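In terms of UniProt numbering, the sequence shown is residues 1 to 617. Here a beta-carbon is modelled for each residue, glycine too, at the ideal position from N, C-alpha and C. If you're wondering where the values come from, they're calculated on a predicted model, not measured in any experiment. Quick notes on the structure that follows.
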Amino acid sequence: MSSTEEDNTAPSSKRRKYPRACDYCRRKKSNGPQMPNNRCSKCIYKKIDCTYVEPLHKHFYPSSHVNALESRMQKLERLVKRLNPDIDIARELEEQETPSRPSPSTVSESSQSKRVFPLAGLPIRDQTDYEPSEDESELQEVNLIEEFGKVSLKPASYLYHGKSSSMVLLRAATDLNNMCGKEMASPVLDQARVLPPRPGPSAEFRWLSGTCPDRIPQFHDFPPPDLVHTLIDLYFAEVNAYSPLLHEPTFRRCVSQGLHLSPGGFGATLLLVCATGARWSRDARTLGTGTSTSNWPGWTWFQQVESVYRSVVAPPDVYDLQIRVLMVMYLQGTTVTHACWAIVGAGIRVGVEMGAHRKRRYEDDHSVEGELLKRAFWILVTQDWGMAFTTGRPASIHDEDMDLPLPIECDDEYWTDASGKPTFNQPPGKPSKVSFFICYLRLMQVLAFAVRTVYAINKSRVQLRHGDQQWEERTVAELDSALNRWVDAVPDHLKWIPQREDGLFFKQSATLFSHFYLFQIAVHRPFIEQRKRESPLSFTSIMICFNAAKSAIRVLDELYRRIGTPLHRNVGTLFFAAMVIILHISSEKGAGRSHTLETEVHEVQKCLEMLRAVAQE
């Protein structure tokens, strides 16, 4: 090619270089595409000077942001090393750095061959391990709820909307309108801003007023006053001490003020407290008359709430969660426990609607009601996870779906000061009764993780197995480690000491550690079945389940000998432990070793004796 041709073709191969945006365009974060007479089109349209006076500002990342990224990278490297100790991270990164970009097919094949289902190696996280979110949209959630609260039927209601909600899109449109100001002015928008006022309350939703009241009606059929106080005492001693749903001083004060005699949720709450406490009462007035169902203690009061508590139109409040928790607590002592599943699922939905599952719901709410909301939602979560395990069904909510803080470890009498202002100040050195529930929550997190992994359905198991043939061993090892860490973290006043004096802490400790052994069985139970006997985990799992079952029975037997009952909440543990012992007896008989089973048979007899004692309560 001649030099002349080169000169002619060279300019055509160069990309035309446009000047930078003018001051006005840069302030508006736009770029003028044309420059007739050295003026960009936007400046011509706006009839302003097109200047290039303002200096360019180079954007630098703040050092805090860089430090945060480095810290996060170090945490990720430590996590990778813990999950795969043999990996050389530096070498792996060097191998990944190639001079040319791989083809899409190569990337796809590589990612598929190395993909591991995230739950298989995910360590059990403490609820306090969640890092604060720096997402800007996260910071706007509370403002979003407050600004659009008027969309609900009651402006004062607190309804949660997440990032994918259409409300976020509406927020973006509103922000854009506010940012543009008068530039967005038009006759259409001006007319929209002068909408007629909304009709008064009497004209709103008339078609709903006859069938769906906006609040729970007033109840009239309460137990006699003397029986009410007895049942309240029983409820707080036998139920609230383990599942701290209600704040006892506030509850008793509301009863003395007659709040239950007015329409609203407190009347239903009191009826359900009486119904639940009736299980431990010998008073004949707790029994109904007529059918066998109505003869259940407290059924008359439970049925009052169940028959009217069907409105889904009214915005939810903390009473809605408390009522559902109490309904489940009552039904778990009857022969219609299957109804609990739907009630808990609905309660979880209501709690999420209120934003009870998010930490930002509580950051500026240090009130008694805010703590009660937190407690109620956590109890619903434990009920949901527990029933998911016992029924083999998927849970309604998972640990990664929520980041609300744990309940405050403070007994009811220390929530407020003398003036009634919330302080939540537990005296130093005084063990808290709420510590039991905190420990139980952490234990339930392990169970929930086990249900989603070792009990996963076939479709999920294929994903878990993909790229990691030892995923079961890794997962079970992580679950065992989590259980061991839990034991180490139990406070001294709840550690299992058979010689501990009788009292609430002794009963809480027995309940806590019997459930610990139950969850040990839950982790290893899939590998003791006949079809899993070829698994590498089989023999170890059989021994762990057998020893855990015996340990659970011994703990509850000590409790039974000391106080006369193994406690109603431990019936499920007794059942699972007895079934594991029976499976072991059957296996030993099949192997011709039945002459060594006297101890095991005696353990099963202990279980039957304790179950009869609970049935007679």
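Classify residue i: buried if its beta carbon has 16 or more other beta carbons within 10 angstroms, exposed otherwise.
i: I581; result: buried
i: S256; result: exposed
i: A90; result: exposed
i: H524; result: buried
i: G392; result: exposed
i: N67; result: exposed
i: D384; result: buried
i: V239; result: buried
i: R253; result: exposed
i: L539; result: Strictly speaking, residue 539 in this sequence is Phe, with Leu absent from that position. That one is exposed.
i: R375; result: buried
i: V487; result: exposed
i: residue 620; result: The structure shown has nothing for residue 620, since the chain only spans 1 to 617.
i: T230; result: buried
i: V454; result: buried
i: L73; result: In the sequence on display, residue 73 carries Met and not Leu. So M73 counts as exposed.
i: G386; result: buried
i: M543; result: exposed
i: A342; result: exposed
i: K606; result: buried
i: I87; result: exposed
i: L79; result: exposed
i: T300; result: buried
i: T98; result: In this prediction, T98 scores a pLDDT of 48, lower than 50, which makes its location untrustworthy; the coordinate-derived value is nonetheless stated afterwards. That one is exposed.
i: Q470; result: exposed
Below 8 Å on the Cβ atoms is my contact criterion, and I expect residue i with residue j to pass it. Report the Cβ-Cβ distance as a whole number of Å.
i: E248; j: F236; result: 5 Å
i: T573; j: H515; result: 6 Å
i: V318; j: V344; result: Contact flag wrong, Cβ pair sits at about 17 Å.
i: L380; j: G351; result: 6 Å
i: I563; j: D502; result: 6 Å
i: V518; j: F576; result: For clarity, residue 518 is Leu in the given sequence; the question names Val instead. With a Cβ gap of about 6 Å, L518 and F576 count as contacting.
i: D399; j: A448; result: 6 Å
i: L234; j: S281; result: 6 Å
i: P428; j: Y414; result: Contact flag wrong, Cβ pair sits at about 11 Å.
i: L227; j: R285; result: 6 Å
i: G334; j: W378; result: It should be noted that the sequence gives Thr, not Gly, for residue 334. Between W378 and T334 the Cβ distance is about 24 Å, and since that is not below 8 Å, they are no contact.
i: A268; j: F222; result: That pair is no contact at about 11 Å.
i: D412; j: S432; result: Not quite, the Cβ-Cβ distance comes to about 10 Å (not below 8 Å), so this is no contact.
How about residue i and residue j: do their beta carbons lie closer than 8 Å?
i: I216; j: G258; result: no
i: V446; j: A482; result: yes
i: S509; j: F527; result: no
i: T511; j: Y330; result: no
i: L567; j: K507; result: yes
i: V490; j: C545; result: no
i: L272; j: V305; result: yes
i: A275; j: F302; result: yes
i: L321; j: T382; result: no
i: L583; j: N570; result: no
i: I553; j: E609; result: no
i: A339; j: R324; result: no
i: V601; j: T565; result: no
i: L404; j: A450; result: no
i: P244; j: F437; result: yes
i: I457; j: I397; result: no
i: I521; j: A548; result: yes
i: residue 621; j: G277; result: Absent from the model: residue 621. The displayed extent of the chain is 1 to 617, so no value can be given.
Measuring only between beta-carbons, confirm whether residue i sits less than 8 Å from chain C.
i: D88; result: Going by chain labels, chain C is absent from the structure shown, which holds only one protein chain.
In the DSSP output, which residue or residues are listed as bridge partners for residue i?
i: P422; result: T416
Comparing the CB of residue i with every heavy atom of the ligand GTP, is any distance shorter than 7 Å?
i: G267; result: No copy of the ligand GTP appears in this structure; indeed no ligand is present at all.
Are the stretch 345-364 and the stretch 418-432 touching, with three or more C-beta to C-beta distances below 8 Å?
no
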